[in-house]
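For reference, the structure discussed in these notes is given below.
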Amino acid sequence: MRRTTLREGRKIARAVRTTNPTLSGIHHEPSAEILELTGAPFLDVADVHDRLSALEALLYDRGDRRAAFLTIYARVTSEVKDGIETGSFHDSAWVTDYLVTFADHYRRAFDAFERGDTTVVPDPWQLSFETALAGDSLVLQDVLLGVNAHVNYDLALALHEVGIDPNRTQKYEDHRAINHVLQRLVDEEQDLIAERYAAGVAVLDDSLGRLDEALSFFTLREGRRNAWRGAVALTDIRYETLRRGVRWYLRSLTLGAGQLILVPTSTSIVGERLKRLETGESG
Numbered sequence: 631m632r633r634t635t636l637r638e639g640r641k642i643a644r645a646v647r648t649t650n651p652t653l654s655g656i657h658h659e660p661s662a663e664i665l666e667l668t669g670a671p672f673l674d675v676a677d678v679h680d681r682l683s684a685l686e687a688l689l690y691d692r693g694d695r696r697a698a699f700l701t702i703y704a705r706v707t708s709e710v711k712d713g714i715e716t717g718s719f720h721d722s723a724w725v726t727d728y729l730v731t732f733a734d735h736y737r738r739a740f741d742a743f744e745r746g747d748t749t750v751v752p753d754p755w756q757l758s759f760e761t762a763l764a765g766d767s768l769v770l771q772d773v774l775l776g777v778n779a780h781v782n783y784d785l786a787l788a789l790h791e792v793g794i795d796p797n798r799t800q801k802y803e804d805h806r807a808i809n810h811v812l813q814r815l816v817d818e819e820q821d822l823i824a825e826r827y828a829a830g831v832a833v834l835d836d837s838l839g840r841l842d843e844a845l846s847f848f849t850l851r852e853g854r855r856n857a858w859r860g861a862v863a864l865t866d867i868r869y870e871t872l873r874r875g876v877r878w879y880l881r882s883l884t885l886g887a888g889q890l891i892l893v894p895t896s897t898s899i900v901g902e903r904l905k906r907l908e909t910g911e912s913g
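In our numbering, the protein residues as written are 631 to 913.
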């Protein structure tokens, strides 16, 4: 029964790639400057922050919408880096490995996509990168697609790689402590997106009060909670066949969530209205 389920899952994934125009493989010329930043594994937390920040600045200057997610990611990395340096975690060495391993998942996906080797780019990241390059989405959708791919897909894999044992309870507390960092940054990140990409985000924020912050943090918190569960499953399951099933589940769930993120702009009339609102245009 499990073999049939996995086989059917692969068929579903192939069907999604075939029928979804966003996963059709848009033409993109590799950039030597970008590849210089993404080609080598990250050395440490400072290297993660410095290269992510440099990549964000380079993409932003070029008008490459892949920068939007990095604007958020680089800021979060800086805050976690400060927490490590000030001893905010039980196990700073583990959080360091966690942050670097997690960031390397993003780096590998970005580097492979930039080189055109899409056969090794996870589907959630291909959806994110291609949507951003196409430029037909909202900036907020570009950000959310990046968060979705990184938190709902990469994070469980990274936690499993760095290891959640021994002292699993303590490591989970450190994992949850990062939630507090993310919660503190929600307002600041919204302001960054409004300032750099979409002035209408500030109008939307004023209209909704604290509701949008609460919803965005709740969604992120749930994703991180599910990522820990995924890491536990990958760690505790004894059989590789079942672990492949967990990885397939993570990929399929994340790709499905990405499709939902794109629903608001799936019709041209609604999409254009939302874009005008996001950019702060009237009418």
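We treat Cβ as the ideally placed atom computed from N, Cα and C, and that holds for glycine. Because the structure is a prediction, the values reported are computed rather than measured.
For LEU850, the closest C-alpha among the options ALA863, TYR736 and VAL777 is that of VAL777. Assigned with DSSP and collapsed to three states, ARG814 falls in helix.
Here the stretch 762-779 makes contact with the stretch 881-894; the two share three or more CB pairs at distances below 8 Å.
Between the C-alpha atoms of TYR703 and LEU885 there is a straight-line separation of about 20 Å.
In terms of Cα proximity to ALA779, the closest of THR731, PRO752, PHE743 and VAL675 is PRO752. Between ALA887 and the set ARG745, SER683, THR726 and TRP755, the nearest pair of CA atoms involves TRP755. Non-local beta-carbon contacts of THR895 in its own chain, meaning distances under 8 Å to residues more than five positions away in sequence, involve ASP766, SER767, LEU768, GLN771, GLY901, LEU904 and LYS905 in chain order.
By the Cβ-count criterion, GLU760 is buried, with 16 or more other Cβ atoms from all chains shown falling within 10 Å of its own Cβ. The three-state reading of DSSP puts HIS658 in coil, since its state is none of H, G, I, E or B. Straight through space, the alpha carbons of ALA670 and ALA788 are spaced by roughly 17 Å. Collapsing the DSSP output to three states places ASP734 in a helix.
Counting the other Cβ atoms within 10 Å of the Cβ of GLU819 gives 16 or more, which makes it buried. Within the same chain, GLU686, LEU689 and TYR690 come within 6 Å of ALA697 by CB-CB distance, once the 5 residues on both sides are set aside.
Cβ atoms of SER661 and GLU791 stay farther apart than 8 Å, at about 28 Å.
A contact is defined here as three or more CB-CB pairs under 8 Å, and the stretch 706-718 meets this definition with respect to the stretch 809-818.
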